[in-house]
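>
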Amino acid sequence: MTSLLPIILSGDNLGQRHRHLNSLVNKAVDSGVSFQDIEYLPEQGPVDRLFKIDFAGKLKHVEYIIRNLKDDDMLFVSRALKSSWLLNSREIINPKYLEDVLFPEMISPAVTKMRHWISLNLRDQAACQEFYQHYKEKEFRFAIKFLGHCQKGFILEEVPKILAKLSSHDFKVLCEKYPQVAKIYFDSLTTDEEVRSCYLQQENAFYNSVKCVLKSDSDMFLDIMEKYFNVNTFPRFSPLETDYILRYHKNRFTSKLELYVAHFLHIPTLAARLTVEECQEVVIQLARAKYLQHWFEYKVVEPFVKRLSPDKRAVFKKRVFVEKDIGKCVEEWPYATPKPPPPNDSNPHLFDEEKCEPIYGLEMEDFRYMLKKRKFCRYEGSRIATSVKTDLDRLFDEFRFIGFERALHDLGQRLVLAGSSERRRDIFLVLVSKSGGRNDAVAALLKLALRHQNEPPHIRASILRSLVKRANVWRLPADVWQNFLDFGHGLGFDGAPAEAECTEGLHAVVIRHLLSGECKNNVCAAFFKNFSPLAEYALTANERTLISRGLQDMLIAAAADSETTVTAERISQLQDIIDIYHVPVKAESPILEIVKNLALQDAKVAKPLLERFYKAGIGRRELFRVNLKFRCDQAACLNALRHDPSALDIAMLADIVTNSESRFDSFFCKLGVYFNQDEDFIVHLKSLLNENIISIKNTNCKTATLARSVARLWYNQFETELCKLDAAGDDQSKFAASLRACAHIARPRINLLQWGWGKAGVKAIATQAMRSRRVDRAGIIRLLASEKRTVRVAVALCIRSESELLLESLASAAKLHPVVALRTALSYFRHFGTNSNTKVWDCIKPLVSSVDLTSRERLRQLLVKTEWIPVSIKPDYCATLYLVMDKISNSISAQLLCDLCMMLPKIDEDIIENILLHLLQKTPIDADDIPLSLPAIFIRYLMLSKNNQNLDNRFAKIGRAFFERLDSLRSTGDKHIQARLEQIKKNLKYNAAFIDTKYELCPLVIERILAWIQTFMPKEEYFDNYAEIHLTMLYFKAVRQTMKQVPEVFLDLQKQKVECAEAVGFVFGRYIAKEVANLVSTFFDSIIELYAGALVNYLQDYRFRGTVTAKFFESVIKGLWEESVGLQRRLAVHVFKEHQHSINENARKEIQAVMEQDKDVHLIAFAVL
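Here you go:
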């Protein structure tokens, strides 16, 4: 049996060697050799292992295949996975065995490859169901690949549970298997908000995916389209889809004709499939639809009209578009029209807090820039263009619905009276349009034109250009064609210099000549100056064949005996002809010989032509060697290896590998596996690459491609060559480092962990660690975590593999490399989000204070991205970071302070007190550093008092010092004091405290603040401020009263936000009405107008818009109206006047009607509204 190994492959190219290896395997199988006889024979090269794997695969030797799946070399893993029979082995291909036994002993790239291989090839329904159920919770994107191959009942049972997780591609795959999935999905859009949100985010993708159902369940597909088709964004059906619907489901079209024509179907295809009578009926029915008037016009229905004969066409157009003789019009859609599902209500609920912004030093005091922009906007508005019709447009409109004969008669008379050549040109252009391309009409037109053949050349050229485009003039009879040439005299149709450009006319001459089999030299010369493939003209199939053949002959003849640049231009034009007319190029074609000769004469000129031929797949075999001179990338080299390695220019290849950034991994891998190391061209290539390595110095040139290539090519000489580079000293150190980083791809495999990072290099060790087996990972992580240079790799490996050693590695990193620990922890939070282990924060919390962040701007920017931080640790994180950042950057600390203000109830009281004391004691550094720039945080802190003692303590520690500091700033004339007061007043309405019953002292806090304000703002002068603060107290009372009366609306504020706004708004309105009644009895009746202004401003501060605020405003007004009596109801009228446009239209009409019918406020309501 020893004669079987070692394997020595023979053959001139890679393909022959592949076949030789396969024949050796088949021969061994046929000879009856047992696998045990060759299993342990020594291997002298990778091809020996490939032979064993293929032999084991043929004999279905499971143990050896499994052993190779566990190998470090992906070449052997990939070869072992060619044993597709392994999928039938349920004791191996099941998720439990794979995850618990096999995968832990495979390197991570092998695990990834095998998982992908299983997902592509596993088709057994029971096995697919097992894989899906095992992975669906943890790895849904992997699990979904198996669902489409499960049993129908299981799929239909499982789909409703995972609709929100399906991508448009998943949806398409499942629909192709079982169309019922489409119905399940679209039915859920009305009930499941999560599914609806996913659908609306990629609506067009789902539309394209559901089209696969058209032929498998057409009625269901059309039901979906008739309900959910988005007329604003979805494209019409394709011609093929339109044809299918009309062929098999025409009844759906006829039942909703207007919808299908206006939005669904491809109109030209539809017109072609209908009879003439049906086309007429379609146009009339569309004309009757008043609801389609914005869309309906002649251009839209022109394909239907053109189905009529010319004599009937004019009469029909006049009837529909001029006389409007279409019968009774229809005002509204006679059936429900499709519309996308409504988007989820994204409006926040009534108690969402508004994020406070600090007071900034830069004020907008200079309005000159704004005035300038306003003037610019006015100027821009004046430049809006309006569509002005030209004389030609008006002439077209006049004769749009008139037949050619009458138009010819009327316009012929106007020609005589026309005062300018431009007007006569317009008349001829209208006649060209009316001719419809009919030979008799064109003949009559040209006969008339001959009377005006002395018109200026540019006028005649304009007329003939339009005529060539609209009428196939090259098919005209000889006498009419002569008239065409006579009218075009002097325009270069005979090859002479043209007085005015008329390219289309010359093209018509060339087409007629080519169809007749001859083309004059002077005409060809003129044509080459402005060459065209002539594909833009309406040629018949026979004409296309003749034209393509004639153009080829013309271009080949022109290219044969010309200069290289001219030859290249002609060949490029010939390539256009080949592409457009789909001309097959055979091996004996003269084109290829011309290109070969051109490449020898001028390589630079020939290169783009060769690239284009290669991409088109033309002459690859014939131009094989020539192409290698210009296109020596990996694909070209592999192609040469497969067919003729002798075609490779080894010197050029060595230079490209040395200087290129493109990889040649696959090429050198196959070279090292299937070709002997002592073959001449390999020895030559090695020698040249080694010379290039010696010449490389420590420069900035990139050597990754060269390093990866020689690592594969050197085979068992890798370590020897690396030692030589190390001995060469500093000159080769950079390339040696690149080579070390590629050690994992060297063959035979190198145990880099035994080398240690000192010899192997950190990058190589990192790569080896990331590729490591799961069973070895714990030891590798601990080893890496013990060294400062590799601790970063240890933490990264923990995050990637979700290892339990993360905290241990992070603790080690915190000691060895604190900055790395911070960066990797932030990366961890960003990757895992809410699923993060909160103990990671405990590990890095001390580092936030101990690491010097002053000079690390990038790290500071990462630290303040608090959206990455899990909610559970975010308050503590922001508080800790704030005290550090405030010493470095005011802008960053201000951002963190705003975040803290939003999370105040979740922050420990001692921590927030330390921050507030720091703010009170802080001394401004410069003019932009404003003291107490966020007073909102102080107010909210006081509002969170839980009892009287806690309130007294908070005022003693923070509150008294805060107000004293404000008094000090006010007395010194600080220009920001008014902004601070506005923020204080606004934040007295603190919803987080209002809706939490453990905070009962909010009114007491507001009263204390009101008493402080009274010391410097008298009530008589600042009535609006006092009124708005009292409104906040009433709002608090309304919230608490509503919580007692209807507690159920507070159970889920997000789902019942409208109901909650309605309930609170109504109670709030009633409280306001009672307050106003007391004010009227205490002061005077006109105080209602003063209070109305304050109330309007108070409601104006609500930043939310949408259904929630609309319902809140509506309920406040209804509460005011309900509780008020007599003329006091005018308060509700004033509020309604200012906020009526924020209310739902139906509610607005209802409220206005009630007000106008009330006898007490009828006149006021009528006057105000």
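Every position in the sequence shown, counted from 1, becomes a number in my numbering once 17 is added.
The beta carbon of each residue, even a glycine, is placed where N, CA and C say it ideally should be.
#1: Does any heavy atom of the ligand COA sit closer than 7 Å to the C-beta of ALA304?
#2: Looking only at C-alpha atoms, which of SER438, ALA435, SER437 and ILE419 sits nearest to LEU1205?
#3: Cα-Cα, which of ALA424, VAL433, GLU175 and LEU465 is closest to LYS451?
#4: Around the Cβ of ASP408, are there at least 16 other Cβ atoms within 10 angstroms (buried) or fewer (exposed)?
#5: Helix, strand or coil for VAL42 per DSSP?
#6: Check the C-beta distance from VAL230 over to ALA199 and give it rounded, since I have them as a contact under 8 Å.
#7: Count the CB pairs spanning the stretch 888–903 and the stretch 342–353 that are closer than 8 Å, and state whether there are at least three.
#8: From the DSSP output, read off the bridge partner residues of ILE124.
#9: Touching or not, the stretch 661–671 and the stretch 21–32, by the rule of three or more beta carbon pairs under 8 Å?
#10: For the alpha helix (DSSP H) holding TRP102, just list the boundary residues, first then last.
#11: Which same chain residues end up closer than 7 Å to ALA577 when comparing Cβ atoms and leaving out the 5 residues on each side of it in sequence?
#12: What is the residue span of the alpha helix (DSSP H) that GLU1140 lies within?
#13: Provide the residue span of the alpha helix (DSSP H) that contains ARG15, from first to last.
#14: I need the DSSP call for VAL1113, collapsed to helix, strand or coil.
#15: Ordered along the chain, which non-local residues of its own chain (more than five positions away) have a Cβ less than 7 Å from that of ASP89?
#16: Round the Cβ separation of MET242 and PRO355 to the nearest angstrom and send it over; I've been treating them as touching at under 8 Å.
#17: Touching or not, the stretch 718–729 and the stretch 745–765, by the rule of three or more beta carbon pairs under 8 Å?
#18: Decide yes or no for the touch test of the stretch 738–746 against the stretch 687–705: beta carbon pairs closer than 8 Å, at least 3 of them.
#19: Do you know how far the Cα of LEU814 is from the Cα of MET787?
#20: Going by DSSP in three states, VAL1063 sits in which element: helix, strand or coil?
#21: Can you check the stretch 664–741 for any alpha helix (DSSP H) of at least 4 residues that lies completely inside it and give the ranges in chain order?
#22: With 16 as the cutoff for other CB atoms within 10 Å, does SER775 come out buried or exposed?
#23: Distance, Cα to Cα, LEU183 vs VAL212?
#24: Could you give the residue range of the alpha helix (DSSP H) that holds TYR631?
#25: Exposed or buried, what is VAL674 when buried is set at 16 or more other beta-carbons lying within 10 Å of its beta-carbon?
#26: Quick check on DSSP: helix, strand or coil for ALA353?
#27: Return the Cβ separation of GLU628 and ARG648 in integer angstroms, given the expectation that the two are a contact with Cβ distance under 8 Å.
#28: Excluding five sequence neighbours on each side, which residues of the same chain lie with their C-beta closer than 8 Å to the C-beta of ILE82?
#29: Mapping DSSP to helix, strand and coil, what is ALA745?
#30: Between ARG305, LYS486, GLY512 and ASP496, which has its C-alpha nearest ALA521's C-alpha?
#31: At the level of alpha carbons, what is the spacing between ILE109 and ARG132?
#32: Just to confirm the assignment: which complete alpha helix (DSSP H) runs, minimum length 4, are found wholly within the stretch 842–884?
#33: Rounded to the nearest angstrom, what separates PRO357 and ALA279 at their Cα positions?
#34: Can you tell me which of the three DSSP states VAL50 falls into?
#35: Starting from the Cα of ASN964, find the closest Cα among GLU930, GLN146, CYS1019 and ILE1001 and give me that residue.
#36: Would you call the CB atoms of ASN854 and LEU898 closer than 8 Å?
Reading it off the structure:
#1: Questions concerning the ligand COA fall outside what the structure shown contains, since it holds no ligand whatsoever.
#2: No answer is possible for residue 1205: the residues shown for the chain start at 18 and end at 1186.
#3: ALA424
#4: exposed
#5: helix
#6: 5 Å
#7: no
#8: ARG790
#9: yes
#10: Segment: none, TRP102 is in no alpha helix (DSSP H) and carries neither H nor E.
#11: ILE611
#12: 1124–1140
#13: There is simply no residue 15 to check, as the chain begins at 18 and stops at 1186 in what is shown.
#14: helix
#15: ILE124 and ARG766
#16: 7 Å
#17: yes
#18: no
#19: 6 Å
#20: coil
#21: 667–676, 682–691, 697–712 and 721–730
#22: Looking at the sequence shown, residue 775 is not Ser but Gly. That one is exposed.
#23: 9 Å
#24: 620–632
#25: buried
#26: coil
#27: 7 Å
#28: ILE70, ALA73, GLY74, ALA97, SER100 and LEU103
#29: coil
#30: For clarity, residue 521 is Glu in the given sequence; the question names Ala instead. The shortest Cα separation from GLU521 among ARG305, LYS486, GLY512 and ASP496 belongs to LYS486.
#31: 13 Å
#32: 856–867 and 874–880
#33: 17 Å
#34: coil
#35: CYS1019
#36: no
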